[in-house]
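Enquirer: Right, I'll just put the structure down here and ask away after.
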Ligand code: FO1
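In our numbering, the protein residues as written are 6 to 322.
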């Protein structure tokens, strides 16, 4: 293989950790991190992009690793004032995090694209690697429930994922083109691999695959696609994946992850706790790597990044 450029597809928390690991071992010229924007929403007049921010904070080493989202050493004075004013307080915006939303929102309102604003904000935080939205057009994930379709943050934060999910849809597609940097990465002559980070396939990766032309471009690719499974020990570490799989009538197993990605998938990295799944996955024609996938610190993130890259036969620095 001649190229060495890696295209990583990421959602929030778990995906952001692997994205940070990839950035730690690859030169900026060798990595494009495309991030889900299906979780984005307008709140209190601000444009909130939770997954872009999770990846940004992880690469800038600003992320709160205990909470899993937002900025570390955060304070909540603005939130307290909002509450005192009787404004919506179901979605928690920390003071430092609020600065990010303010900067992004006024620049979007002034006419910059989400790609342009994201490049500006990540550069300002000292990030040299490319973090790019999947699209500059709004795509909004919605979860079907008995009460109708809920916008993603209503389902995830306000309802704490309690409603039984009957389906997932992405408002805005078709009709949302890939962002310029995403389209460019897909077309690169030196593209060597696509790494799907350990994010929720239904809620975080599917929106990226639903962007106009992306699935077709991935189907036509000439490079391996490696997914790191978000399941550990037969369940999801954090987030609603296990619950969602059950509600959608699928077994909570790596077989479901592999089935979901279908022909797009060449290689799956699964956790040691799920080593027993390897035989079945190999029988489906997949390459399988069994490795520790839980990322508690920078060492874990880099180790898993190297595992994913070696699955693609890419030598990391
Ligand atoms: N998640 C929560 O569970 N509760 C919150 O109040 C919350 C606020 C929040 C603010 C900014 C941000 O970037 C993310 C935030 N998240 C919160 C996380 C977010 O809802 C999810 O982690 C992602 O959308 C799923 O990837």
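Just so you know, even glycine gets a beta-carbon here, dropped at the ideal spot from N, CA and C.
The structure displayed is predicted, hence computed values, not measured ones.
#1: Go ahead and pull the three-state DSSP assignment for residue 195.
#2: Alpha carbon to alpha carbon, what distance is there between residue 89 and residue 217?
#3: Residue 289 to residue 299, Cα distance in whole Å?
#4: Jot down the residue ranges of each uninterrupted alpha helix (DSSP H) in the stretch 238-315, minimum 4 residues, whole runs only, in chain order.
#5: Is the Cβ-Cβ distance between residue 105 and residue 58 less than 7 Å?
#6: Mapping the DSSP letters down to three states, classify residue 53 as helix, strand or coil.
#7: Under the assumption that residue 204 contacts residue 75 (Cβ atoms under 8 Å), give the Cβ distance between them as a whole number of angstroms.
#8: Using DSSP's beta-bridge definition, name the partner residues of residue 135.
#9: Fully enclosed by the stretch 148-223, which alpha helix (DSSP H) runs are 4 residues long or longer?
#10: Quick one: what's got a C-beta closer than 8 Å to residue 234's C-beta in the same chain, skipping five residues either side?
#11: Within the continuous alpha helix (DSSP H) that includes residue 21, where are the two ends?
#12: Whose C-alpha, out of 321, 316, 294, 317, is nearest the C-alpha of residue 307?
#13: Out of 114, 120, 67, which has the shortest C-alpha to C-alpha gap to residue 99?
#14: Using a Cβ-Cβ cutoff of less than 6 Å, which residues in the same chain neighbour residue 64 once the five nearest sequence positions on both sides are dropped?
#15: Quickly, what does DSSP pair residue 319 with across the bridge? List them, please.
#16: Drop a sphere of 10 angstroms on the beta-carbon of residue 180, count the other beta-carbons inside from all chains shown, and report buried for 16 or more, exposed for fewer.
#17: CB residue 60 to CB residue 15, shorter than 7 Å?
#18: Ligand 1 and residue 96: does any heavy atom of the ligand fall closer than 6 Å to the residue's C-beta?
Expert: The structure says:
#1: coil
#2: 43 Å
#3: 25 Å
#4: 246-252, 259-266, 283-288
#5: yes
#6: strand
#7: With a Cβ gap of about 17 Å, residue 204 and residue 75 do not count as contacting.
#8: 37
#9: 185-192, 211-215
#10: 203, 259, 262, 273, 274, 275, 276, 279, 298
#11: 18-30
#12: 321
#13: 67
#14: 25, 28, 132
#15: Partner(s): none; residue 319 has no beta bridge.
#16: exposed
#17: yes
#18: yes
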